[in-house]
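**Student:**
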Amino acid sequence: MYLSKMMKVPQVESKLRVFCFKIQFRTQVSEFKRSLNTVNSACNEVRNFLKLKDLMKKILYLGNTLNQGTARGLSFCWIHGLGLAEFMHSDDLFKLIVYLKVCILSLFCSICILLDFWCSMISAVFCLAGCIYIIDYSSSQYFDNEF
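In UniProt numbering, the protein residues as written are 1 to 147.
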């Protein structure tokens, strides 16, 4: 009985969609805020994660060492850590290979430590993307039917 009366109301479908959007909007905004806070805390962790900074410094230093003497080798100045002079040997190629082994092993250890951190950050990003999709889909339905 109620549904048959509702069907006689003009534009009932669009009115029900607007009503549904108004009901769901607050919960969607609160879920979006929660996801945004999760991503914000993950970004703060990335900014304050010393291992990541150390890893980036090592990568840049390794690139500068390989490109030494060219314009590409001047991108980052690293004064800490191991230098090529610490690997004294008569063969310069051997020094470079030993140095690269040490750098790569150090980078590999840092990457292994970061894997767990990245997994948690990826899940936060997927959560945020899902919330953005839901809000975008709901708002597009609302605006498509209202105008």
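Idealized CB from N, CA, C, for every residue including glycine.
For the alpha helix (DSSP H) holding Q28, just list the boundary residues, first then last.
**Tutor:** As a first step, residue 28 is located in the sequence shown; it is residue number 28 there, counting from the start. Residues 12-48.
**Student:** Rounded to whole angstroms, what is the Cα-Cα separation between V12 and L36?
**Tutor:** As a working note, residue 12 is residue 12 in the sequence shown. As a working note, residue 36 is residue 36 in the sequence shown. About 35 Å.
**Student:** Determine whether the beta carbon atoms of V46 and L55 lie at a separation below 8 Å.
**Tutor:** Here residue 46 is taken as the residue at index 46 of the sequence shown, counted from 1. Here residue 55 is taken as the residue at index 55 of the sequence shown, counted from 1. In this structure, L55 does not lie closer than 8 Å to V46 by Cβ.
**Student:** If you draw a straight line from the alpha carbon of V18 to that of K33, how long is it in whole angstroms?
**Tutor:** The residue given as residue 18 occupies position 18 in the sequence shown. The residue given as residue 33 occupies position 33 in the sequence shown. Whole-angstrom Cα-Cα distance: 22 Å.
**Student:** Rounded to whole angstroms, what is the Cα-Cα separation between F25 and G63?
**Tutor:** Residue mapping note: residue 25 aligns to position 25 of the sequence shown, counting from 1. Residue mapping note: residue 63 aligns to position 63 of the sequence shown, counting from 1. Near 49 Å, if we compare the C-alpha coordinates of G63 and F25.
**Student:** Could you check whether the Cβ of T27 sits closer than 7 Å to any heavy atom belonging to the ligand ATP?
**Tutor:** The ligand ATP is not part of the structure shown, which contains no ligands of any sort.
**Student:** Using the Cα positions of K58 and T38, report the straight-line distance between them to the nearest angstrom.
**Tutor:** One-based indexing of the sequence shown puts residue 58 at position 58. One-based indexing of the sequence shown puts residue 38 at position 38. Straight-line Cα distance between these residues: approximately 29 Å.
**Student:** Leaving out the 5 sequence neighbours to the left and right, which residues in its chain are closer than 7 Å to L66 when beta-carbon positions are compared?
**Tutor:** Indexing the sequence shown from 1 puts residue 66 at position 66. So the list is empty, once near-sequence residues are dropped.
**Student:** Please state the DSSP three-state secondary structure of W78.
**Tutor:** To locate residue 78, count along the sequence shown from 1; it is residue 78. For W78, the predicted structure reports a pLDDT of 42, less than 50, and the residue's modelled location is therefore unreliable. The matter cannot be settled from this model.
**Student:** According to DSSP, is K8 helix, strand or coil?
**Tutor:** Within the sequence shown, numbered from 1, the residue matching residue 8 stands at position 8. DSSP places K8 in coil when its eight states are reduced to three.
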